[in-house]
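Before any comments, here is the structure.
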Amino acid sequence: MGDWKTVTVPVLSSDSKNIFQYTSEKKMSPPSLNTQVLRLPLPSSKSMHTFFSAFCTEENIEQSISYLNRELTTLGFPSIYAESKGKELNLISVINCMNELLVLQHKNLRAQEEVEMQHLKLGSDMDHLQNCYAKLKEQLELSKREIVGLQERDRQLQSKNRSLHQLLKNEKDEVQKLQNIISSRATQYNHDMKRKEREYNKLKERLHQLVMNKKDKKIAMDVLNYVGRADGKRGAWRTDKTEARNEEEMYKALLNDYEQRQKQLLMENAELKKVLQQMKKEIISLLPPQKQKPKERSEDGPVLSDLEEDTGELNKENMWELSCETVREQLTNSIRKQWRMLKNHVEKLDNQVSRVHSGALNDKDVISREDHELETEKLELEIQQCKEMIKTQQQLLQQQLMSPCDDDTTLLLQDCYLLEERERLQEEWRLFREQKKNFEKERRNFTEAAIRLGLERKAFEEDRGAWLKQQFLSMTTDYKHSENMTTASAFLGSSDQDNRLMNSTSQQRKPHCTLSIPIPAEPCQTSQCISHNSSDAASKKPAGDKKPNQWEESDKEETE
Amino acid sequence: MHLPDSKCIRASCVQYRLVIRDVNTLQILQLYTCLDQIQYIEWSSDSLFILCAMYKRGIVQVWSLEQPDWHCKIDEGSAGLVASCWSPDGRHILNTTEFHLRITVWSLCTKSVSYIKYPKACQQGIAFTKDGRYMALAERRDCKDFISLFVCSDWQLLRHFDTETQDLFGIEWAPNGCVLAVWDTCLEYKILLYSLDGRLLSTYRAYEWSLGIKSIAWSPSSQFLAIGSYDEKVRILNHVTWKKITEFEHPATITNPKTIVYKEVEKSPSVDAERLSFPPRALASSLFSTQSKYDISQVPVSLQYVKPIADRANPKIGIGMLAFSTDNCFLATRNDNIPNAVWIWDIQKLKLFVVLEQLCAIQSFQWDPRQPRLAICTGNSKVYLWSPAGCVSVQVPMEGDFQILSLCWHSSGDSVALLSKENFCVCYLEREEVK
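If you read the protein sequences in the order shown, they are chains A and B. Using UniProt numbering, the letters of the first sequence correspond one by one to residues 1 to 560. Using UniProt numbering, the letters of the second sequence correspond one by one to residues 1 to 435.
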């Protein structure tokens with residue numbers, strides 16, 4: 001327990017010159033957990049007053065000052081005397097010391113506060129830990145007690161179990177004993193019964209003898225007349241033959257019955273085999289095609305090929321001959337194999353579906369349910385649309401087929417339509433043929449024109465050449481008029497040709513001139529000529545015809 | 001009061017008078033008087049003769065229908081008479097004398113007599129095949145059981161073999177006449193199957209020590225053999241392997257929701273004549289309850305269970321009544337622990353089909369010889385009919401008390417005779433026109 005004794009010094013009023021101090025006696029034992037909150041209460045003014053007068057009075061001022069100085073210097077503060085060993089107080093240093101002391105006091109207070117806080121915290125932590133510890137101890141106690149209780153119960157139950165086992169064994173032993181007793185008693189009773197029965201039989205025999213011996217007249221049948229047999233036949237003697245016949249008949253009856261049963265069983269068997277074969281085929285069709293991983297493929301491969309062989313074999317054989325054991329076994333084994341495969345496949349699908357449901361869509365092959373549903377919806381819509389289209393088409397087709405048979409007016413209408421169409425087609429055909437002809441004509445004209453153009457160009461070139469020559473010649477003749485004759489003869493000599501040429505050229509020139517210079521007017525004139533020609537040459541060959549035609553066309557074209 | 005009938009004639013006996021009526025009109029055709037109180041009457045196979053047995057006097061009297069004057073009397077004298085029956089050819093009468101000393105075969109054609117010694121003193125000691133060619137007879141010599149097979153035409157002994165039974169209780173031919181079922185006393189659960197030529201085909205034992213077989217029934221096609229036992233179960237054997245193919249249990253609580261339970265319910269007494277009504281399409285709508293005598297009970301249903309008295313012999317537990325329908329589709333059973341209920345099993349599915357819960361204990365039931373229709377009587381004045389279409393309860397319009405104790409269908413399936421102690425009445429069923 002930390003006891004704090006505070007001796008507080010009353011604070012004086014605001015007199016800066018008076019030194020006030022207080023000492024606090026602190027008795028502090030080592031800090032313990034349960035500390036109380038410590039606070040330095042602010043002293044009231046009254047108490048401070050008395051306290052202040054305790055240290056320094058009017059008599060011992062100098063002593064107190066020197067004491068203070070000593071204390072301060074030991075604490076490291078500068079001296080408060082003006083000079084050493086003087087009696088004058090250095091006011092500044094005093095004030096400074098005071099300030100320093102105040103600051104120190106503040107710091108100490110703050111440190112104290114901090115320490116107190118930490119103290120409190122630690123105290124509460126300790127409390128908390130102590131509580132936890134106590135609780136845990138309690139819990140531990142409880143669990144220990146529980147364990148003890150459970151162990152006790154376990155022991156009890158085990159002992160009960162043992163006792164029950166013992167009881168059971170006892171009961172079983174008793175049962176066995178009772179059974180033995182029963183069996184022994186049963187044998188005893190049987191024995192007794194047999195004895196009694198023998199006695200009874202003896203009595204019966206005796207009685208029988210007596211009855212028979214008595215020859216009672218009463219034992220008789222009194223019948224009015226004999227009755228015929230039910231089937232009308234006469235009674236027969238019993239001979240060996242009849243006995244044999246009876247045996248035979250009995251065996252016949254038995255055999256009939258067995259045969260019937262066997263027939264039924266055969267029929268059943270055949271039906272079942274048929275069903276099995278069908279099942280086998282369906283299972284094979286249900287099994288997925290070889291889209292599986294190579295591992296599985298390698299596993300399934302030989303099996304499937306085996307199965308295919310089996311099916312081939314068994315389908316070949318006749319159903320009715322499948323009665324031998326090995327074939328039967330083959331069939332059942334193959335069906336079992338395939339059924340197992342189908343089961344595995346279905347299990348795989350189930351797993352896939354469950355995986356999809358759980359959301360782990362790791363496998364790319366697995367389509368999510370929503371996608372699947374969307375797809376199916378789309379497909380359904382498509383199917384519906386297609387169906388509707390098919391329906392409408394069918395309807396139209398039916399209309400087409402049905403309506404001609406039904407209505408005459410529609411027939412006529414149809415005929416009318418057809419005629420119209422035909423006429424239209426004919427017209428178009430005519431037009432088409434005309435156009436074709438025209439196109440042919442134009443083509444011919446074009447070719448003629450092209451040929452003529454070529455020829456005329458050639459002629460024109462020759463003409464030009466001749467004209468140039470003549471020019472030259474004229475120039476030369478003008479220059480050499482005197483030598484004209486000689487040259488002319490030469491020219492003449494050769495100018496026969498030249499003359500001819502000239503004539504021709506002149507002849508040609510004229511048309512050339514007429515041709516070359518007024519070009520726009522040419523075609524008309526030429527066309528006139530040509531038309532003239534054409535009119536003359538109406539009976540010419542068609543090749544000749546072509547040209548004027550072509551020209552006409554070209555004319556047409558040009559005028560257009 | 002006995003009432004067998006032939007094709008179109010019904011015979012009934014009252015005390016010592018034998019009355020022969022026409023089936024359709026119930027008009028009395030003949031009336032015969034016998035010497036003593038008649039205990040048993042039986043038509044011959046060709047319906048020309050009828051025998052009347054009087055056990056007390058030891059006399060059997062035979063009457064002819066064609067010739068009312070013809071008469072025949074067989075007197076067993078001091079040998080006594082315990083049972084009497086026709087042979088399948090209709091011309092021989094087999095009388096079992098007292099103490100089962102012997103069986104006397106009287107011939108009406110030749111007036112001759114044969115004796116068969118050591119017949120077995122059991123409930124069903126004589127069995128004829130359906131076609132009437134062979135007869136199986138149980139015998140017991142030196143504390144051992146034997147079976148003798150006779151050819152009925154000339155009474156030649158065909159086969160004689162011993163059986164591995166402790167104490168043979170009954171024998172029955174399969175309807176195809178090739179297999180004979182032989183079963184042991186109820187102290188031993190054992191059933192043996194012999195072929196026509198005397199070979200043992202198979203033995204079946206379900207369990208040991210507990211009480212065993214109570215009743216058996218062959219299916220009409222000879223495919224199945226139903227064995228009802230004291231452990232309240234029916235076991236069905238198949239004719240190919242003679243092994244059990246299924247077990248039918250008869251618990252007191254029915255929990256399977258697919259089973260239809262019809263409960264007979266008393267209607268309010270204000271209604272004069274209780275009307276007949278069908279629960280329509282009962283198979284489909286088990287929740288649809290109509291105001292009928294039969295109510296469909298909701299599964300689970302708890303039936304009335306009677307705890308048998310433990311220390312008495314022949315306890316009333318186990319399957320006491322078994323019958324296959326003629327079309328081989330249904331099996332009707334009664335568990336003697338639950339005497340008010342008839343259980344109808346579907347043989348095609350080998351499952352429980354319908355349970356009919358009556359107000360009184362079932363006295364007897366019989367299937368229609370032509371269709372899958374079951375007639376039930378419970379000792380009151382109503383007859384109950386069930387068919388896969390539904391069930392109906394019919395009140396016999398009679399004054400006074402008429403307690404139906406047994407019933408008997410006509411071979412055409414058109415009518416059923418209801419017998420009480422003193423009276424009988426014939427119920428005619430209209431056949432619906434099938435267009």
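We put the CB at the ideal spot given by N, CA and C, even for glycine.
- Cβ contact annotation for residue 82(B) (same chain, cutoff 6 Å, sequence separation greater than five): 96 and 98, in chain order.
- Scanning chain B for C-beta atoms nearer than 8 Å to the C-beta of residue 371(A) yields nothing, as the closest lies near 42 Å away.
- By the 16-neighbour rule on beta-carbons within 10 angstroms, residue 336(B) is buried.
- Close to residue 328(A), with beta-carbon spacing below 7 Å, lies no residue of chain B; the smallest spacing is near 17 Å.
- Taking 9 Å as the CB threshold, residue 250(B) stays off the interface with chain A.
- Annotation: residue 383(B) has no Cβ neighbours in chain A at a cutoff of 8 Å; minimum Cβ distance is about 35 Å.
- Per the DSSP secondary-structure output, residue 54(A) pairs with nothing in a beta bridge.
- For residue 165(B), the nearest beta carbon of chain A is not closer than 9 Å to its own beta carbon.
- The Cβ-Cβ distance between residue 321(B) and residue 332(B) falls below 9 Å.
- Closest in C-alpha terms to residue 282(A), from the list 341(A), 261(A), 357(A) and 266(A), comes 341(A).
- Beta-bridge annotation (DSSP): residue 296(B) is paired with 262(B).
- Residue range 325-358 is occupied by the alpha helix (DSSP H) that includes residue 356(A).
- 9 Å or more divides the Cβ of residue 75(A) from the Cβ of residue 82(A).
- At least 9 Å separates the beta-carbon of residue 127(B) from that of residue 155(B).
- Only buried fits residue 365(B), as 16 or more other CB atoms lie within 10 angstroms of its CB.
- In the three-state scheme derived from DSSP, where H, G and I count as helix and E and B as strand, residue 139(A) is classed as helix.
- In the three-state reduction of the DSSP assignment, residue 173(A) falls in the helix class.
- When 7 Å is used as the limit between beta carbons, residue 84(B) is near no residue of chain A, the shortest such separation being about 13 Å.
- In the DSSP annotation of this structure, the continuous segment of the alpha helix (DSSP H) that includes residue 74(A) starts and ends at 61-75.
- The count of Cβ pairs closer than 8 Å, one atom from the segment 166-176 of chain A and one from the segment 197-209 of chain B, stays below three, leaving the stretches out of contact.
- For residue 237(A), the number of other beta carbons within 10 angstroms of its own is below 16, and it is reported as exposed.
- Assignment of residue 93(A) by DSSP, reduced to helix, strand and coil, places it in the helix class.
- In the structure shown, the three-state DSSP call for residue 64(B) is strand.
- Secondary structure at residue 211(A): helix, using DSSP grouped into helix, strand and coil.
- In this structure, DSSP gives residue 148(A) a helical state, which the three-state scheme calls helix.
- Exposure of residue 251(A) is indicated by the presence of fewer than 16 other C-beta atoms within 10 angstroms of its C-beta.
- When only Cα atoms are considered, residue 52(B) and residue 178(A) end up about 51 Å apart.
- For residue 111(B), the residues of chain A that pass the 9 Å Cβ criterion are 221, 223 and 226, in the order they occur in the chain.
- From the beta-carbon of residue 192(A), no residue of chain B is found nearer than 8 Å; the closest lies around 12 Å away.
- The beta-carbon of residue 417(A) is placed no less than 9 Å from the nearest beta-carbon of chain B.
- Uninterrupted beta strand (DSSP E) stretches at least 3 residues long and entirely within the segment 53-129 of chain B occur at 59-64, 71-75, 83-86, 92-96, 102-107, 113-117 and 126-128, given in chain order.
- Counting only residues of its own chain and dropping the five nearest sequence neighbours on each side, residue 186(B) has a CB closer than 6 Å to the CB of 211 and 212.
- Taking 9 Å as the CB threshold, residue 177(B) lines the interface with chain A.
- Rounded to whole angstroms, residue 376(B) and residue 190(B) show a C-alpha spacing of 30 Å.
- Secondary structure of residue 106(A) (DSSP, three-state): helix.
- Across the segment 148-162 of chain B, CB contacts with chain A closer than 7 Å involve 151, 154, 156 and 158, in sequence order along the chain.
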